[in-house]
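So the sequence lines, in the order shown, correspond to chains F and Z. Each residue of the first sequence is one higher than the one before, starting from 1 at the first, in the working numbering. Each residue of the second sequence is one higher than the one before, starting from 1001 at the first, in the working numbering. C-beta: ideal position from N, C-alpha, C; glycine also. These numbers were taken from a predicted model, which means no experiment stands behind them. To start, the structure under review is shown below, and the notes come after it.
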Amino acid sequence: MNIVVVGYGMVGSRFVEELCAITSPESQTLHITVLGAEHCDPYNRVLLSEVVAGAYDVAAITMPTIRDPRVHIRQGVTATRINRDQRTVTDSNGNHHPYDALVLATGATARIPTLPGITHTPPGTGEPGDTPPEPSLIPGVHVLRTIDDAREIVAATLNAPAAIVLGGGVLGIEVAVGLAGRGLAVDLVHPRALMNAQLDAPASAVATTMLNRRGITVRTGTAATAATTHPTGRITGLQLADNTTITAPLLIITAGTTPNTTLAHTANLPTDHGILVTNNLNTTTDPHIYAIGDCAQPPEGCTGLIAPGWDQARHLAATLHHHTTINTPTPRHDPHDIVTVKGAGIDIVTMGISGTRQPPPCDTHPRRTIQLSDPDAGRHLSIIIENGRLIGATCIGAGPIAADLTTTYTNHTPLPRDPAQLLLRPLGPAATTTTDSPVRIPDRATICRCNGVTKGDLISAWNSGARSTADFAQRTRATTGCGGCTEAVCGIADWLRASASQDTPGEGEAAAQGQRKEATVSV
Amino acid sequence: MCQKGWTSPEVLTVSDRLTTPLIRDSEGNLQPASWDVALDLIASKITGIQAEHGRDAVAVFGGGGLTNEKAYQLGKFARIALRTANIDYNGRFCMSSAAAAANRSLGLDRGLSFPVTDLDDAAMVVLVGSNPSETMPPFVAHLNGARESGGLVVLDPRRSATAELTGPVAPDGVSSTGGMHIQPLPGTDLAVLLGIAHVVVMEGLLDTEYVAQRTQGFDELAASLASWWPERVAQVAGVPAPQIRQVARQLAHASPHRGGRGAFIITGRGLEQSRQGTDGVTAAINLALLLGLVGRQGSGFGTLTGQGNGQGGREHGQKADQLPGYRMITDPAARSHVAAVWGVHPDDLPGKGKPAVELLNSLGQPGGPRALLVHGSNVVVSAPHATQVQDRLKALDLLVVCDVVPSETAMLADVVLPVLQWAEEEGTMTSLEGRVLRRRKNCDAPGDARSELWVWQQLAGRLNAPGVWSVDAGEVFDELARASAGGKADYSGLSHARLDEHEAATGGADGSGLYWPVPSPAHPGTPRPFADAFPTVSGRAALVPVQHVGPSDALSPDFPVYLVTGRVLQHYQSGAQTRRVEVLHRAVPEVFVEMHPLLADVYGIDEGDDVHLTTRRSTARATVRITNNIRHDTVFMPFHWPGLGAVNRLTTAVTDPISGMPEFKVAAVHLAGGQPTGLTGDTTSTTPSLASEQTTSEVLP
């Protein structure tokens, strides 16, 4: 079986890896050809913002290379044409690769907004038959999509005291935080509210405050209207719709991505935003051609996230391995719309339904939205419950709660009877008995775990004459195991000594009773 | 010593101690019999079954609680008296993942490759899925140094007693006085380890010199870690990304290459009893290697043993694929050496047998064993998917159980043989640090109980087996020493006499003693075997890339909550010994299930209620204890009880493809109060009862 994979990025390489893993190495009939446009091994694109931030070395984010005699990788080679009748792919070297199955994993490219001044077109040769040259970004303007982009940005930061980031989505925030961490003065420009695809206005406001605290100037609700440039052609800044002008020798464009569909489109495969595929990742009109990752548009739409891409890779590998279509829709139990913004001091996680783009609730299951708004402390939590399940959440400055909500959301675990409990930290353990004041410890609480000695046992020992730690050890064996309870035993002895002068230790039990009741009520 | 320690003499005198052989009569009742009658019966049945169905039709199941001498002799008995390939033991449920990973990465499986006292001065100790405060209290004192420097890190879905040692929970979940408790979703600790290693590599926190000189495979490992950035791990494991970064940085700070006081990474069953247990331990070893911890004094990697002789029990031939001295049964040189010691031809030794779960599942099946001899194990309680194990035992033509008390497994046997326990016999045990320790006889056994060494001698004679069958533990040890010579676990420089002398000289204190390998009588032993090189072909440790897959038993709307399993302090293994000790039994008299108040509230369950837990296998019953010390999506149930309270009715028999370890720790479960359905017909209480209801015998993780 000949399989041709176009694209050797995070998803294309993962697909090949999965396919090699589930097929027997002896199955010589499998022949996989991979065409990769970049000249390097696959790398983790998600971590490019960490490289920009200086947290990770650019060499560190390389992903596993595939060493399998059945796999033939052509790096620096693009696919130029699909001949669907003959089932071949033509590459940029003019070679033809026959396929039984063609997997398009062409990814996406950074979207360049229409903005006067940011591109220039070098003059063509003017000779007849020559294709006009492509416009390119002017010096000082970068996108962040490839490892080369990251290298160039890192190099540019060395001489730039300031930078403008255009686009206030997830990547824009990560880049802004990373550059600010390098000591650059950063303006983040975004025509709508910050992260408006995921956040509603109140959440967005809290996120903005979080960035302000990292020293970033956030200019939202205002579009860039033009780039200002130096006579040498370098960028010097941006003009904004509100008539302000901001200056910086470095502009990073983080305005989203566009799926690479040209190859498919030219082959008359149906495309919309991305290449249209079924739940089984098959293109809608050609049973031999599949698309996965950022270039694909399954029925539920494009997400631009890596988790669905990797899941598609695994699913398609299994499908092709079994030579049959597995009739389970790709997005199974694992939801894939969890968005986490990385960066020092940044704590923003959203999942499922969030922000303003909420599908209408169904009639049978009313929807509840519960919010905790704490803007002054930089905290905002919002959860959405429907039919006994957490279907969406927004967590800003939520700390460990976000991780709890993620697993609740992902695994559909039972929700507390009052889901508002999810917004605080009752999920964590209560204070420990041994660090409590001796009065508040219930009599039944174990003090010495090694020997199963309760507070009640220690009180009994006291009542029968024990006074020192050594006495307690002799009568109850407390402290004679690991010794970790010695401090607690001393504390209880002190308390007993103090209360002996006043009254009986019985009040401890009463207090403990109250404590116990309180514990069951308060949680 | 803990409560189990000081009450252990009571196990010697329990009221239902087995004191005479028992044979099941035609009406299904166990009746007392003489040793001669019982042994003749066993020998003749074995002979008959093997004549009809072949040698492998008789299987043996051993235990990690047996002395080194008995573990050795049992392996020999299987290979040259029964000549069956089918021998394995309950250590498969305990240490097999750690053993497989250590062998693969380090070339040697010794629980700790350093004296336990090395831990005392460490700046940092990371415990992954281990709860020594409950399972091994004396060990906890060795964590004090790390606690005092805020360097104790515990990975456990439960706020275990050990996790409490890290100090109160900080609001940001990151820092606390004693260290940090990381509370991942069950079955995701491997992902957390990958996340920590990711940060170590990506932030350049590794010991590059050590990695270059003492390991191989770094590039592949680093590439494999690129896909486990902390925010992804947070989504998989429910662990905040800042915790992961913090542990990585703190570990680097504590590591010798950065001038730290030293760091240890220690694994336990929580990580290992999983279908990805070997890979989980491998991830822990990789982390330790990246930081340059393994083989450096004051740092290291280790795994905590679960059974009395969990270390020695896995070195001398009880394992399906193993010969004494930690040799592989598939290695021709190993076969020749051991065959020569045993006085047989190498070709007469059987090959590799089936690992425990596969072995138990094949009992009484077409082509599977027709007879089973059980030594030191209570498989009806301790094996996964226990109801199925019970069915398999019932399908046998012959089940022989050697035990000290009428365990649940003994109650199913055709022949029960009363044997000796700890203070009634001579022998040796090997500690988790590879320290060989003497066990001495302090009292006589009651009634007609006999040593298993004697049982095997008698049976070997009746089966006309070759070889020498001494009943003297010292003589058996000498033979073991010869058989182990040149192997990885080389005991050839040891004898009971040398051990006795050494103990007299040192008092047998922690950290003293003779650590294997001890290849000659003058050799001082090897406390730190990786100091200069790794016993691999290249002399370097292997960095083996691994990936997280997750538990086999997925959550679903029908089974929406995770069940995790484990021990409580007062009981040991299947509880057959400890449930018979009054003070231990009173402390924890019945099986319980721990759950978070929020979860209990969902189901309208109160403290003390009976709850029924159902998995895709079966249903069990337990009393509810409400606690904040567990995740709200997880319940915990200990495994020391039989019958309807046996948690292994619920566990899955899915195993690790490398180690054969069952996935004990994680199952998807459904909870219900009130009357259950489908609870009839498959309980141990339907078998003939010999003693009181509160019975049973030992074994496991």
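Of the residues the options, the one placed nearest residue i, counting alpha carbons only
| i | options | result |
| --- | --- | --- |
| Leu390/F | Leu194/F, Ile396/F, Arg417/F and Ala398/F | Arg417/F |
| Val1236/Z | Pro1551/Z, Ser1105/Z and Ala1085/Z | Pro1551/Z |
| Arg1438/Z | Glu1501/Z, Arg1482/Z and Ala1081/Z | Glu1501/Z |
| Leu415/F | Asp1532/Z, Arg1450/Z, Val1416/Z and Pro1597/Z | Pro1597/Z |
| Leu1152/Z | Gly1660/Z, Ala1263/Z and Ser1451/Z | Ala1263/Z |
| Glu1663/Z | Leu1543/Z, Ala1212/Z and Thr1188/Z | Thr1188/Z |
| Gly1487/Z | Ser1026/Z, Asp1656/Z, Met1328/Z and Val1379/Z | Met1328/Z |
| Val1669/Z | Ala1554/Z, Leu1412/Z and Val1624/Z | Ala1554/Z |
| Ile338/F | Ala1234/Z, Gln1250/Z and Ala1505/Z | Ala1234/Z |
| Pro64/F | Val1401/Z, Arg1024/Z, Arg1296/Z and Trp1228/Z | Trp1228/Z |
| Thr1047/Z | Asp1609/Z, Gly1673/Z and Asn1464/Z | Asn1464/Z |
| Pro113/F | Ile383/F, His190/F, Glu50/F and Thr394/F | His190/F |
Spatial neighbours of residue i in its chain, beta-carbon cut-off 8 Å, leaving aside the 5 residues before and after
| i | result |
| --- | --- |
| Ala162/F | Leu184, Ala185, Val186, Asp187, Thr247, Ala248, Pro249 and Leu250 |
Proximal residues of chain F, C-beta to C-beta of residue i below 9 Å
| i | result |
| --- | --- |
| Glu1654/Z | For the record, residue 1654/Z in the displayed sequence is Val; it is not Glu. Near Val1654/Z there are no residues of chain F at all, since even the closest Cβ is about 18 Å away, more than 9 Å. |
| Pro1638/Z | Here the premise fails: no neighbours, minimum Cβ distance about 14 Å. |
Identity of the residues DSSP links to residue i by a beta bridge
| i | result |
| --- | --- |
| Tyr8/F | Beta-bridge pairing links Tyr8/F to no other residue. |
| Arg1327/Z | Leu1323/Z |
| Ile1723/Z | Coverage of chain Z is limited to positions 1001 through 1701, which leaves residue 1723/Z absent and any answer about it impossible. |
| Arg219/F | Val189/F |
| Ala101/F | Ile3/F |
| Pro539/F | In the structure displayed, chain F extends from 1 to 523; residue 539/F sits before or after that span and is not available. |
| Leu276/F | Gln297/F |
| Ala1620/Z | Leu1613/Z |
| Asp1403/Z | Pro1418/Z |
Interface partners of residue i on chain F, CB under 8 Å
| i | result |
| --- | --- |
| Val1201/Z | Ala60 |
| Leu1185/Z | Thr407 and Asn411 |
| Pro995/Z | What is shown of chain Z runs 1001 to 1701, which leaves residue 995/Z out entirely. |
Partners in chain F for residue i, counting only beta-carbon separations shorter than 7 Å
| i | result |
| --- | --- |
| Asp1601/Z | Pro416 and Arg417 |
| Pro1560/Z | His412, Thr413 and Pro414 |
Own chain, CB closer than 7 Å to residue i, minus 5 neighbours either side, in chain order
| i | result |
| --- | --- |
| Ile292/F | Val11, Phe15, Val103, Ala105, Leu281, Gly309, Gln312, Ala313 and Leu316 |
| Ala1646/Z | Val1381, Ala1386 and Ala1620 |
| Gly1678/Z | Because Gly1678/Z carries a pLDDT of 38, less than 50, the predicted location of this residue cannot be relied on, and the following value inherits that uncertainty. Excluding residues within five positions, the ones whose Cβ falls inside 7 Å are Thr1619. |
| Leu1360/Z | Val1379, Ala1383, Val1389 and Arg1392 |
| Ala478/F | Ile447, Cys448, Asn451, Val453, Leu458, Phe472, Cys485 and Val489 |
Cut-off 6 Å between Cβ atoms - residues of its own chain near residue i, not counting five sequence neighbours on either side
| i | result |
| --- | --- |
| Thr435/F | Because the pLDDT at Thr435/F is just 43, under 50, the model does not fix this residue reliably, and the point stays unresolved. |
| Asn2/F | His31, Pro98, Tyr99 and Asp100 |
| Ala53/F | Gly178 and Gly181 |
| Tyr1210/Z | Gly1292 |
| Val218/F | Leu188, Thr208 and Leu211 |
| Asp365/F | It is His, not Asp, that sits at residue 365/F in the sequence shown. Closer than 6 Å at Cβ, skipping near neighbours: Glu386 and Asn387. |
Proximal residues of chain Z, C-beta to C-beta of residue i below 8 Å
| i | result |
| --- | --- |
| Asp57/F | Met1202 and Gly1204 |
| Thr65/F | Ala1223 |
Under 9 Å by beta carbon: chain Z residues contacting residue i
| i | result |
| --- | --- |
| Leu47/F | Met1202, Ala1226 and Trp1229 |
| Thr340/F | Glu1231, Arg1232, Ala1234, Gln1235 and Ala1241 |
| Pro599/F | Beyond the ends of chain F as shown, which are 1 and 523, falls residue 599/F; an answer cannot be given. |
Contacts of residue i in chain B (Cβ-Cβ under 7 Å)
| i | result |
| --- | --- |
| Asp1279/Z | Absent from the structure: chain B. Protein chains present are F and Z. |
Partners in chain Z for residue i, counting only beta-carbon separations shorter than 7 Å
| i | result |
| --- | --- |
| Ala478/F | Those within 7 Å of Ala478/F in chain Z number zero; the least Cβ separation is about 11 Å. |
| His421/F | Note that residue 421/F is Gln in the sequence shown here, rather than His. The answer, in chain order, is Leu1598. |
Any non-hydrogen atom of the ligand NAD closer than 8 Å to residue i Cβ
| i | result |
| --- | --- |
| Arg1625/Z | In the structure on display, the ligand NAD does not appear, and there are no ligands present to speak of. |
For the stretch 1089–1099 of chain Z against the stretch 1334–1352 of chain Z, are there 3 or more C-beta pairs whose distance is under 8 Å? no
Tell me, please, whether the stretch 1096–1110 of chain Z touches the stretch 1522–1539 of chain Z by the rule of three or more beta-carbon pairs shorter than 8 Å. yes
With three or more C-beta pairs closer than 8 Å as the rule, is the stretch 1205–1222 of chain Z touching the stretch 1159–1166 of chain Z? no
For the 8 Å Cβ check, are there 3 or more pairs between the stretch 1251–1262 of chain Z and the stretch 353–370 of chain F? no
Hey, is the stretch 1344–1363 of chain Z in contact with the stretch 1504–1521 of chain Z, meaning 3+ C-beta pairs nearer than 8 Å? no
Measuring CB atoms only, is the stretch 1495–1509 of chain Z touching the stretch 1463–1477 of chain Z, in the sense that at least three cross pairs come out at less than 8 Å? yes
Count Cβ pairs between the stretch 253–266 of chain F and the stretch 158–173 of chain F that sit closer than 8 Å; are there 3 or more? yes
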